[in-house]
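Chemist: Residue numbers (UniProt numbering): 1 to 247. Cβ coordinates follow ideal geometry from the N, Cα and C atoms, glycine included. A quick note: this is a predicted structure, and the numbers were derived from the prediction, not measured. Let me give you the structure first, and then I'll get to my questions.
Given below as structure tokens:
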């Protein structure tokens, strides 16, 4: 396995409210762990929410006796969600905070994913496939047939998310289990990347660079070149690093 990651403030924001975590080595009973969180909230609340969520999810998993990846990720998110709500009740400056969360772990040739919000996970090989489903207002409208993807991409309310860690008492997390094939690479990212680049552009960049470092740097650079309107976070995982790429 090989991985590389980067987070960048972008060209329009003064603060980076994204927070990322990568570990190719075991975290508790997980063989590895990768997370992207995109915070929201005024002042420093978004920065606090994303950092707190990632750090305490990792801490909870590291100390837990649970063994299943879905059980571990789900339990950790429920615990941290409750903690964030309590902290917001105690501190007026943290009112309204929340964060997206997309986390993944790989066990043998199986990928397990937990998702809340509109940060994404893709599988890139011959094609690019979005595994996660955005929890956003416009994507709910797309799923109901009220608009298409092109309309959603330019809709003024596209950044309104319908689920977030720390936003509601009852957290709703989507879980996915994906069988990985040789040549697959995994991309976790915040919407600072996907709002600036089409999926086809992301795949082209990932498949035209010499290594993961160049792929990540080129993705972040392209997002900034296209406007860099938000913080940009990217993690690429090559679970079969000794195999020949097929894309």
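Rounded to whole angstroms, what's the CA-CA distance from residue 232 to residue 66? Just pull it up for me.
Modeler: Going from the Cα of residue 232 to the Cα of residue 66 covers about 33 Å.
Chemist: Okay, do the segment 12-22 and the segment 73-82 touch, 3+ Cβ pairs below 8 Å being the bar?
Modeler: Because the criterion of three Cβ pairs below 8 Å is not met, the segment 12-22 and the segment 73-82 do not touch.
Chemist: Do the segment 185-196 and the segment 215-224 meet, that is, are 3 or more Cβ pairs less than 8 Å apart?
Modeler: Yes, since at least three Cβ pairs between the segment 185-196 and the segment 215-224 fall closer than 8 Å, the two stretches touch.
Chemist: Counting along the chain, where does the alpha helix (DSSP H) carrying residue 166 start and finish?
Modeler: First-last for residue 166: undefined, no H or E at that position.
Chemist: Tell me whether residue 50 is buried or exposed, calling it buried when 16 or more other Cβ atoms sit within 10 Å of its Cβ.
Modeler: Classification of residue 50: buried, given that the 10 Å Cβ count is 16 or more.
Chemist: Below 8 Å, how does it come out for the segment 120-129 and the segment 86-94: are there three or more Cβ pairs, yes or no?
Modeler: No: fewer than three Cβ pairs fall under 8 Å.
Chemist: Taking the beta strand (DSSP E) that residue 199 falls in, what are its first and last residues?
Modeler: Where residue 199 is concerned, there is no enclosing beta strand (DSSP E), although the alpha helix (DSSP H) it sits in stretches over 199-208.
Chemist: Looking at the secondary structure, which residues open and close the alpha helix (DSSP H) in which residue 179 lies?
Modeler: Note, residue 179: premise wrong, no alpha helix (DSSP H); beta strand (DSSP E) at 174-179.
Chemist: What is the DSSP secondary structure of residue 116, counted as helix, strand or coil?
Modeler: Note: residue 116 maps to strand in three-state DSSP.
Chemist: Out of 12, 83, 182 and 170, which has the shortest C-alpha to C-alpha gap to residue 60?
Modeler: The shortest C-alpha separation from residue 60 is found at 83.
Chemist: What is the DSSP secondary structure of residue 213, reduced to helix, strand or coil?
Modeler: It is helical.
Chemist: Taking the continuous beta strand (DSSP E) assigned at residue 139, which residues delimit it?
Modeler: Not the beta strand (DSSP E): residue 139 falls in the alpha helix (DSSP H), residues 137-143.
Chemist: Provide the residue span of the alpha helix (DSSP H) that contains residue 63, from first to last.
Modeler: 45-63 is the span of the alpha helix (DSSP H), which, as asked, contains residue 63.
Chemist: Rank 46, 41, 229 and 29 by C-alpha distance to the C-alpha of residue 58 and give the top, closest one.
Modeler: Comparing Cα-Cα distances from residue 58 to each of 46, 41, 229 and 29, the minimum goes to 29.
Chemist: For residue 241, which of helix, strand or coil comes out of DSSP?
Modeler: Correct three-state label for residue 241: coil.
Chemist: Please check the pair residue 180 and residue 235, which I expect to be a contact at CB under 8 Å, by giving their CB distance rounded to whole angstroms.
Modeler: The pair is not a contact, with the Cβ atoms about 16 Å apart (cut-off 8 Å).
Chemist: Is there contact here, the segment 197-207 with the segment 162-181, by at least three beta-carbon pairs under 8 Å?
Modeler: No contact exists between the segment 197-207 and the segment 162-181.
Chemist: CA-CA distance, residue 100 and residue 3?
Modeler: Rounded to whole angstroms, residue 100 to residue 3 spans 21 Å at the Cα level.
Chemist: Looking at the structure shown, is residue 71 part of a helix, part of a strand, or coil, going by DSSP?
Modeler: The answer is helix: DSSP assigns residue 71 an H, G or I state.
Chemist: Tell me the DSSP bridge mates of residue 5?
Modeler: DSSP lists 235 as partners of residue 5.
Chemist: Can you tell me where the alpha helix (DSSP H) holding residue 30 begins and where it ends?
Modeler: Segment: none, residue 30 is in no alpha helix (DSSP H) and carries neither H nor E.
Chemist: Helix or strand or just coil, what does DSSP make of residue 78?
Modeler: Residue 78 falls in the helix class under three-state DSSP.
Chemist: Buried or exposed for residue 161, please, with buried defined as at least 16 other CB atoms from any protein chain shown within 10 angstroms of its CB.
Modeler: Label assigned to residue 161: buried.
Chemist: For a quick check, are the C-beta atoms of residue 124 and residue 172 less than 8 Å apart?
Modeler: The answer is no: Cβ separation not under 8 Å.
Chemist: Residue 115: which of 36, 46, 41 and 143 sits nearest, CA to CA?
Modeler: Closest by alpha carbon: 36.
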